[in-house]
Amino acid sequence: LAKMTRMDKLYLHDNRIDAAACKHLAPALAKMTRMKALYLSGNPLGPDACAHLAPALAKMTRMDKLYLHDNRIDAAACKHLAPALAKMTRMKALYLSGNPLGPDACAHLAPALAKMTRM
């Protein structure tokens, strides 16, 4: 994946990708700065995986679709993701359904969502 820097769509849904996998996946994703759509739904990400992914996602400023539904994303995970999401100002679709977000997660996400003016 690290050599596929021109890729603009990547489908990795339902692949049992967890924190250990994200530790290895994130460096390759960080090189894919042209990414427009990333499908990670249905993986047990949780806070630790999101901590690994967030720096890579922050480099994907062209992203306009991010699929993160059913990923065990909670308030702790959103705390990691929010700064990266704030850099994705071209976002048109962000899928977070099926996650235990709650009020604290929404508080982390709200400032980032406000910067996504194309939704």
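Each residue of the sequence shown is one higher than the one before, starting from 6 at the first, in my numbering.
For glycine and all other residues, C-beta sits at the position ideal for the given N, C-alpha and C.
Counted within 10 angstroms of its Cβ, other Cβ atoms place residue i as buried (16 or more) or exposed
i: Asp75; result: buried
i: Asn48; result: buried
i: Ala112; result: exposed
i: Tyr16; result: exposed
Sequence-distant residues of its chain with Cβ nearer than 7 Å to residue i (five each side left out)
i: Thr94; result: Lys120, Met121, Thr122
i: Asp109; result: Ala80
In DSSP terms, what residue i is bridged to
i: Ala42; result: Lys14, Lys70
i: Ala119; result: The partner list for Ala119 (beta bridge, DSSP) is empty, contrary to what the question assumes.
Proximal residues to residue i (C-beta, below 6 Å), its chain only, five neighbours per side dropped
i: Leu71; result: Leu43, Leu99
i: Pro105; result: Asp79
Own chain, CB closer than 8 Å to residue i, minus 5 neighbours either side, in chain order
i: Thr38; result: Thr10, Lys64, Met65, Thr66, Arg67
TODO: Answer yes if the segment 29-48 comes into contact with the segment 86-93, meaning at least three C-beta pairs across the two stretches below 8 Å, and no otherwise.
DONE: no
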